[in-house]
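Encoded as structure tokens, the structure appears first; notes follow it.
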Amino acid sequence: MVAPRSGAQFGTTFLGWRHEVVLDEPGPPPKRPAPTEQDRVSEEWIAGQRRMEARTNQPLRYALYALVGLVALCALLWLVRVLPGILVLGVFLACLAIALPILMALLQSRRVMRERVAAERRRVERIRADDEERLREQQEEHARRYTEWQGRKRAYEAQPHWYGVTVPEGVTTVLVSGGTDAGWSAVLTTIGASRLRGGGDLTVVDLSGRAVSADLTSLAEQCGVTSKLWVLPADLTTMHLGTNLTARRRSRVLAAVARACDPKADPDADQRLLLRLLDVVGERASVATLTSGLHALAEPDSALSDDPALRPLGAARLSEVREQCGTDQAVVERAWELERHLAPFEGLGSRAAEQPYAQVKVIATDRVSGEVAARAFGTYTLSALSELLDLRSANASDGPVPWARTVAVCGADALPAAEVDRAIRAARGAGVGLVLMFRENSGEDESVAQRFADDHCLTAVMRQPDAGSAERTASRLLAGGRGTGEVSASTTGAGQHTGETGESGAGESNPAGEGLRLHRLTEVIGEALRDTAADGHHTGGSGDPAEADTTPVTVRPTAKSVAPLDLVKHVRSATSWGRATIQAADIDTPRDPGRVRDLRIDSLGLRNLPPTAMILPDSGELVLADANPGILTLPTATLGTVAQARSGLANVDAPSEPDEDPPPNLGPPPKRLDWRTSQRTPEVGDGTRGGGDARASRGE
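Here you go:
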């Protein structure tokens with residue numbers, strides 16, 4: 001795992017990882033400049049010059065020979081006394097006078113020839129020096145370019161491929177639309193890893209009926225973090241949530257439960273009735289005492305001795321309850337309904353004892369209890385948490401750290417919309433992060449549209465359950481809106497991968513409908529673990545720790561952060577996502593051109609999303625993220641974001657100034673010439689470079 005470029009804040013919450021190739025492949029290295037053939041003065045050219053000189057001076061030499069012959073003849077005739085000596089001397093002097101200019105001309109021609117050859121040699125030396133200087137400059141430029149190429153190559157090979165997708169600043173609620181049990185398990189584990197890394201608090205309300213928090217609790221145990229699991233209704237007696245609230249807040253919570261079970265109920269009237277009842281029995285009274293008082297109102301003629309249900313109330317309070325609350329028909333009917341709806345909560349907190357602080361808390365409903373019971377228990381839990389959040393915001397002396405505490409609700413569509421909206425407001429006021437997971441969002445619900453348009457809400461879309469929901473969600477994504485990051489229909493693409501796959505540049509967006517980039521690793525891991533969510537919660541046994549909740553031994557009595565490298569190790573060993581991702585790590589091969597494919601934003605595409613894939617806005621564009629927490633274990637993953645990586649591109653591309661001259665011979669050598677195809681390098685004197693004018697070389 002690559003460390004982030006900047007330190008993550010305490011409240012940083014990761015939703016998944018985004019595959020992106022930020023740096024382009026630098027291509028082949030620059031070629032090393034090849035030295036040219038060294039020019040030289042050709043011996044053939046010198047010989048030719050000499051031949052030309054000889055031909056030019058041939059008449060003079062013949063004349064000189066003739067004068068020498070004449071002198072020799074005269075001398076011979078003088079010896080045989082044919083010619084007188086005075087005449088021979090005169091002839092000799094005359095020939096000498098004629099020969100001296102001829103000799104001077106021949107010597108001057110020879111000197112001119114030597115000077116011409118020397119000048120040619122000097123010219124060739126200058127050309128050679130210029131070539132060597134040019135070659136040195138080319139080698140220095142090549143060394144600089146090759147050093148830059150090496151830096152880009154190392155940055156390209158060392159760059160991460162998976163970047164963290166975090167909750168943007170100002171967002172207090174994440175709405176997960178759609179998803180499967182495996183997908184929700186991945187999201188919970190990823191968010192839980194964020195909280196464990198920062199030492200934050202996480203509360204999970206699991207209404208899915210499956211053990212989607214199993215990997216999360218297993219990870220917490222492996223990290224030595226105290227966690228607590230309540231499975232309702234079996235663990236209702238040991239759960240103390242909401243039992244220490246004031247009478248007004250408790251009555252509001254219990255009235256919300258009645259409203260969840262009976263949509264026609266009047267919560268204000270129920271709250272007033274419960275308040276009057278709590279004034280008599282005490283605000284700390286158990287739910288069993290409350291139901292006993294409601295039974296006394298519902299059966300005004302029953303006596304303490306005749307009805308065992310009235311015994312928790314006591315004789316003194318029985319008459320006081322009936323006197324304080326009244327016994328008219330409306331009170332009788334409402335009390336009977338309230339008793340029926342609150343009867344499942346009679347054991348709430350009856351055996352609760354003082355327990356150590358648990359950094360990870362899971363409140364789940366039993367699948368066997370049915371949807372009605374899940375709705376009742378879920379409403380009570382969420383309403384009680386909302387009251388606690390209101391108390392937290394009212395008692396907070398300074399601003400809380402955003403997302404330091406997180407509440408996640410799986411199956412929020414089973415809860416009343418009013419309670420969900422109230423939880424959103426309470427979490428926003430307390431600075432607590434709220435994650436709401438819906439199987440589907442009805443397009444006709446006005447509250448759903450308001451959540452999509454809320455600036456403080458972030459919508460993440462996962463696999464849709466049916467065609468209708470997928471069609472509505474696709475329309476929302478293409479239309480855009482504040483809830484989806486103000487993404488217009490022309491910018492619905494994720495940042496494209498670059499480099500080896502040959503796609504468009506990083507940061508560019510696809511046109512509407514062209515689709516997002518789906519990595520093969522997301523598909524493989526999602527399909528491999530799509531049915532791994534356990535049917536129920538287990539507290540013992542020796543099975544796979546990723547398929548059963550555990551009850552860890554208390555190791556850390558207070559919240560404490562987990563080091564990133566330790567967290568990676570624990571994710572790899574304690575979760576099924578980490579183990580499966582390590583086994584499939586070879587799929588994330590940079591050179592594989594088929595590792596990504598296009599995914600269109602339409603009904604079919606949203607229904608066939610991999611379980612861990614989610615579409616959400618990031619930096620003004622729609623991106624496809626993978627909620628698989630096992631990606632954290634890959635060496636190509638980083639806790640940094642794509643925006644942070646792109647902001648560092650200037651430092652990568654900026655040329656570095658070397659402190660000393662770089663070595664000249666860098667990079668691969670130039671291509672070796674083939675003597676069968678290469679042309680001969682012209683030499684000096686053959687009528688081209690270095691030979692001057694051909695006519696001058698011939699002496700014309």
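Numbered per the numbering used here, the sequence shown spans residues 1 to 700.
The C-beta atom is built at its ideal place from N, Cα and C for all residues, glycine as well.
Item	Value
C-beta atoms of Val360 and Leu216 nearer than 8 Å	yes
Thr291 in three-state terms, based on DSSP	helix
C-beta contact flag for Val596 and Arg517 at 8 Å	yes
Nearest-angstrom beta carbon gap, Leu436 and Tyr417 [assumed within contact, 8 Å]	Looking at the sequence itself, residue 417 is Ala, so the reference to Tyr does not match. Not quite, the Cβ-Cβ distance comes to about 11 Å (not below 8 Å), so this is no contact.
heavy atom of the ligand FAD below 7 Å from Val41 C-beta	Looking at this structure, you won't find the ligand FAD or any other ligand, since it has none at all.
Thr459 versus Thr612: straight-line alpha-carbon distance, rounded	15 Å
Coil, strand or helix - Trp403 by DSSP	coil
Backbone CA spacing between Arg702 and Ser208 [nearest angstrom]	Given a span of 1 to 700 for the chain in the structure shown, any question on residue 702 remains unanswerable.
Per-residue DSSP class, three states only, for Val433	Here the sequence assigns Gly to residue 433, which means Val is not the residue at that position. Correct three-state label for Gly433: strand.
Coil, strand or helix - Leu313 by DSSP	coil
Residue from Arg145, Ile102, Asp268 whose Cα sits closest to the Cα of Pro33	Arg145
Thr166 and Phe14 closer than 8 Å at C-beta	yes
Cβ distance (whole Å) where Pro701 is taken to contact Thr189 below 8 Å	What the structure shows of the chain is the stretch from 1 to 700, and residue 701 is not part of that stretch, so it cannot be assessed.
As assigned by DSSP and simplified to three states, the class of Asp598	strand
Rounded straight-line distance, which links the Cα of Ala255 to that of Pro263	11 Å
Sub-8 Å separation of Leu196 and Val562 beta-carbons	yes
Span separating the alpha-carbon of Asp602 from that of Asp270	46 Å
Closest residue to Asp588 among Ala54, Glu523, Ala234 (Cα-Cα distance)	Glu523
Beta-bridge partners of Glu621, as assigned by DSSP	Asp618
Contacting residues, own chain, Cβ-Cβ under 6 Å from Ser213 (five flanking each side not counted)	Leu188, Val204, Asp206, Val362
The segment 173 to 185 / the segment 145 to 156 touching (three or more Cβ pairs under 8 Å)	no
Closest Cα partner of Arg126 within the set Gln329, Arg40, Leu313	Arg40
Proximity of Trp162 and Cys410 at Cβ, strictly below 8 Å	no
Contact set for Arg249: own chain, Cβ-Cβ below 6 Å, skip 5 residues either direction	Glu387
Arg517 - containing beta strand (DSSP E), residue span	516 to 519
Spatial distance of Ala574 from Ala408 (CA atoms)	21 Å
Any beta strand (DSSP E) of 3 or more consecutive residues that is wholly inside the segment 222 to 265	227 to 232
Proximity to Ile525 [Cα-Cα], best of Leu478, Glu44, Trp577, His570	Trp577
Straight-line gap, Ala467 to Thr365 (C-alpha atoms, nearest Å)	28 Å
Closest Cα partner of His456 within the set Ala479, Ala426, Met462, Leu521	Ala426
Residue burial classification, Pro511 (beta-carbon count within 10 angstroms, cutoff 16)	Bear in mind that a pLDDT of 39 at Pro511, under 50, signals an unreliable position, so the model cannot answer this.
Lys31 - partner residues in DSSP beta bridges	Paired residues: none, contrary to the question.
Euclidean distance between Cα positions of Ala634 and Gly200	Strictly speaking, residue 634 in this sequence is Leu, with Ala absent from that position. Taking the straight line from one Cα to the other gives about 24 Å.
Inter-residue Cα distance where the pair is Val571 and Pro160	19 Å
Phe92 - containing alpha helix (DSSP H), residue span	85 to 158
Other residues of its chain near Gly605: CB distance less than 6 Å, five sequence neighbours each side excluded	Leu599
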